[in-house]
Structures are given as structure tokens and as C-alpha cells.
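Taking our numbering, the leading residue of the sequence shown gets 365, the next gets one more, and so forth. Quick reminder that beta carbons are idealized off the backbone N, C-alpha and C, glycines included. Bear in mind the structure is a predicted one, so any value in this text is a computation, not a measurement.
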Amino acid sequence: MVLAFQSLETIAGEVSIAPIPGKRVEHQGVKIELLGQIELYHERGHFYDFTSLVRELDVAGEIYERKTYPFEFSTVEMPYDSYNGTNVRLRYILKVRTGRPYATIVVEYRDFCVSNYTPLPSINTPIASS
Numbered sequence: 365m366v367l368a369f370q371s372l373e374t375i376a377g378e379v380s381i382a383p384i385p386g387k388r389v390e391h392q393g394v395k396i397e398l399l400g401q402i403e404l405y406h407e408r409g410h411f412y413d414f415t416s417l418v419r420e421l422d423v424a425g426e427i428y429e430r431k432t433y434p435f436e437f438s439t440v441e442m443p444y445d446s447y448n449g450t451n452v453r454l455r456y457i458l459k460v461r462t463g464r465p466y467a468t469i470v471v472e473y474r475d476f477c478v479s480n481y482t483p484l485p486s487i488n489t490p491i492a493s494s
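And the structure:
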């Protein structure tokens, strides 16, 4: 399921981290990032970020059981519609990063769709008068 938003809407939700039962997860902080990216297909793997907002959800510590972090990005300006074409892809992503000492950083991505609606003008004036 892909969620759809418009520019200047609030994007909110929850991030849950659940370690394996009986294990602990040591981390160096949990962050969530809202990104707007453009990817040109002839430059695969190279993204151009045009929007980037970051929230720190937790400082360094340990997690022993399932932990849920609420997040909110208020009135986010998302000027472009999501697009997936032949040569270019424009997308919006929520990216959660959990830094871990002496281990790889855990990164999780969730795409969401932006579709900006512009109402039609109430008066349609002709281009040329007869």
C-alpha cells in the first residue's frame, strides 16, 4: 500500500523497533528522515535530494523489547508530484536509520506518493477574441 499526500500536509506515524526476544540492541541513536529525491536512470544509484528533513527519535542507548517512536513532519513543502518515467524517477521517502557500534547501520525505507491537486480556474477566458 502506498500512501498519498499533498504539499503542506502533515506527515505523521510511528516507527517500531523489535529486537529478537531475549536479545538487546545497542544503538547510537534512531533518526527518521523525509527525503525528496530525483534519480536519473543513466546515473543509477546517484540521487539528487531536493527536500531533506530529519528528526531524532532516540539518543544512544539500548533496546530490550519492542519500542515505538511517534514522529511528525508538520506542513511539509513537497512541490513536485511523484513520477516514475523512462529516464527519471522523482520520489519521496521516509528513511529510518539506527546507528550501531561495531556493526552495520540499519536503514529502512518507505516510499510515499505525492499528488498536488490544482483546481481548475472558475472562468475560462478565450485566448483570442473573435
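Close-in-space but distant-in-sequence residues of the same chain around residue i (CB under 6 Å, 5 per side omitted)
| i | result |
| --- | --- |
| residue 426 | 388, 390 |
| residue 487 | none |
| residue 385 | none |
| residue 413 | 399, 401 |
| residue 437 | 375, 398, 417 |
| residue 428 | 388 |
| residue 449 | none |
Proximal residues to residue i (C-beta, below 7 Å), its chain only, five neighbours per side dropped
| i | result |
| --- | --- |
| residue 421 | 379, 394, 395, 396, 433, 435 |
| residue 424 | 391, 392, 393 |
| residue 484 | none |
| residue 443 | 371 |
| residue 472 | 460 |
Residue i and residue j closer than 9 Å at C-beta
| i | j | result |
| --- | --- | --- |
| residue 459 | residue 404 | no |
| residue 368 | residue 477 | yes |
| residue 374 | residue 468 | no |
Candidates the options, of which the one nearest residue i by Cα
| i | options | result |
| --- | --- | --- |
| residue 462 | 419, 385, 406 | 419 |
| residue 411 | 455, 444, 449, 428 | 455 |
Residues near residue i by beta carbon distance below 8 Å, same chain, minus five either side
| i | result |
| --- | --- |
| residue 451 | 404, 405, 406 |
| residue 441 | 371, 372, 415 |
| residue 481 | 370 |
Integer Cβ distance of residue i from residue j, believed to fall under 8 Å
| i | j | result |
| --- | --- | --- |
| residue 474 | residue 457 | 7 Å |
| residue 392 | residue 465 | 6 Å |
| residue 416 | residue 446 | Actually they do not touch by this definition, with Cβ atoms about 17 Å apart. |
| residue 382 | residue 453 | Wrong, their Cβ atoms sit about 31 Å apart, outside the cutoff. |
> If you scan the stretch 379-415 from start to end, which runs of the beta strand (DSSP E) of 3 or more residues do you find wholly inside it?
Replying inline: If we require 3 residues or more, the beta strand (DSSP E) runs fully inside the stretch 379-415 come out as 389-391, 394-404.
> Taking the runs of the beta strand (DSSP E) that are 3 residues or longer, which of them lie wholly in the stretch 441-467?
Replying inline: You should have 452-462.
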